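Input: a single structure, listed below in structure tokens.
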Amino acid sequence: MSSEPHSGQKWIVDLEPIGRRVEVEPGTNLLEAAQRAGVDLVASCGGIGICGTCRVRITQGKVTPVSLTEEESLDAAQLKAGFRLACQAEPLSDVRLDIPPESLTSVQQMQVEGQESQVLLSPLVVAVDLALEEPNLEDLRADLARVDEKLACQGYGPLRGSLSLLGQLSHVLRHSNWKARLA
Numbered sequence: 010m011s012s013e014p015h016s017g018q019k020w021i022v023d024l025e026p027i028g029r030r031v032e033v034e035p036g037t038n039l040l041e042a043a044q045r046a047g048v049d050l051v052a053s054c055g056g057i058g059i060c061g062t063c064r065v066r067i068t069q070g071k072v073t074p075v076s077l078t079e080e081e082s083l084d085a086a087q088l089k090a091g092f093r094l095a096c097q098a099e100p101l102s103d104v105r106l107d108i109p110p111e112s113l114t115s116v117q118q119m120q121v122e123g124q125e126s127q128v129l130l131s132p133l134v135v136a137v138d139l140a141l142e143e144p145n146l147e148d149l150r151a152d153l154a155r156v157d158e159k160l161a162c163q164g165y166g167p168l169r170g171s172l173s174l175l176g177q178l179s180h181v182l183r184h185s186n187w188k189a190r191l192a
């Protein structure tokens with residue numbers, strides 16, 4: 010964590026355990042920083058420091074000294090543990106905060122379960138394995154006609170492809186022992 014402002018006099022505020030980060034200018038309090046990061050802290054008094062609901066714990070970095078308002082809202086043990094009121098404390102360096110659940114306006118939730126739904130997969134290209142009978146004197150059809158028949162038996166339409174691809178079909182079938190994967 011840096012104790013020197015970054016480019017243009019800004020500090021980085023890390024908000025844990027939410028995992029958000031925001032860059033703020035000096036003079037910005039931690040409540041405003043959290044709001045800019047999209048984290049809503051409870052601030053019943055509107056951020057003037059009298060309700061004590063925007064408590065955060067400073068885990069790293071420097072902030073402004075404890076104010077009289079904070080001394081009235083937080084007990085000595087809380088202050089010693091690093092708790093501050095977000096509406097009163099301003100960063101003096103890069104800062105990392107730990108936000109207790111009771112300081113958030115909505116409960117932070119992690120989705121560990123979900124609703125299952127059936128998804129019908131219908132890919133544009135399907136791989137089909139074919140095993141053809143070796144041609145004989147009783148079946149003198151072209152290799153393409155025999156491939157189309159096997160495809161029809163598996164519920165697919167006729168083989169389509171470029172002329173050069175179809176021209177290689179007989180050669181490929183003979184060299185692969187009449188087995189092929191088509192896509």
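Residue numbers for the sequence shown follow my numbering, so the first one is 10 and each next one is one higher.
Glycine included, each C-beta is placed from N, C-alpha and C at the ideal position.
Since the structure is predicted, the reported quantities are computational estimates derived from the model, not experimental observations.
From the options, residue whose alpha carbon lies closest to that of residue i
i: Asp107; options: Ala189, Gly28, Arg190, Leu191; result: Gly28
i: Gln87; options: Arg66, Gln97, Ser131, Leu101; result: Arg66
i: Ala46; options: Gly70, Ile21, Cys63; result: Ile21
i: Val72; options: Arg150, Pro100, Val137, Glu147; result: Pro100
i: Leu113; options: Gln163, Ala52, Ala90, Leu153; result: Ala52
i: Ile59; options: Ala98, Glu79, Gln69; result: Glu79
i: Leu133; options: Ala98, Val31, Thr68, Ala192; result: Ala192
i: Pro144; options: Pro35, Cys96, Arg183; result: Arg183
i: Leu6; options: Gln127, Val128, Gly91, Leu160; result: Outside the shown range of the chain (10 to 192) lies residue 6, about which nothing can therefore be said.
i: Val137; options: Ala95, Ala189, Asp23, Asp148; result: Ala189
i: Thr68; options: Arg93, Leu172, Leu174; result: Arg93
Rounded C-alpha distance that separates residue i from residue j
i: Met119; j: Glu158; result: Because the pLDDT of Met119 is 49, which lies under 50, any placement of that residue in the model is unreliable, and the number read from its coordinates should be weighed accordingly. Roughly 53 Å between the two C-alpha positions.
i: Asp103; j: Ser76; result: 20 Å
i: Val181; j: Tyr165; result: 20 Å
i: Lys19; j: Asp84; result: 31 Å
i: Glu111; j: Gly61; result: 11 Å
i: Ser185; j: Glu25; result: 60 Å
i: Ala151; j: Gly170; result: 16 Å
i: Gln177; j: Glu125; result: 45 Å
i: Val33; j: Val48; result: 14 Å
i: Arg105; j: Ile57; result: 22 Å
i: Gln97; j: Asn38; result: 6 Å
i: Ala42; j: Arg64; result: 14 Å
DSSP state of residue i mapped onto helix, strand, coil
i: Ala68; result: Per the sequence shown, the amino acid found at residue 68 is Thr instead of Ala. Residue state, collapsed to three classes: strand.
i: Leu39; result: helix
i: Met119; result: Annotation note: pLDDT 49 at Met119 (below 50); position unreliable, coordinate value reported separately. In the structure shown, Met119 sits in coil (DSSP, three-state: anything other than H, G, I, E or B).
i: Glu32; result: strand
i: Pro110; result: helix
i: Leu146; result: coil
i: Ala95; result: coil
N-terminal and C-terminal residue of the alpha helix (DSSP H) that residue i is part of
i: Leu178; result: 172-184
i: Glu158; result: 152-162
i: Ala86; result: 85-89
i: Glu81; result: 77-82
Per DSSP, cross-strand counterpart(s) of residue i
i: Val48; result: In the DSSP output, where bridge partners are listed per residue, Val48 has none listed.
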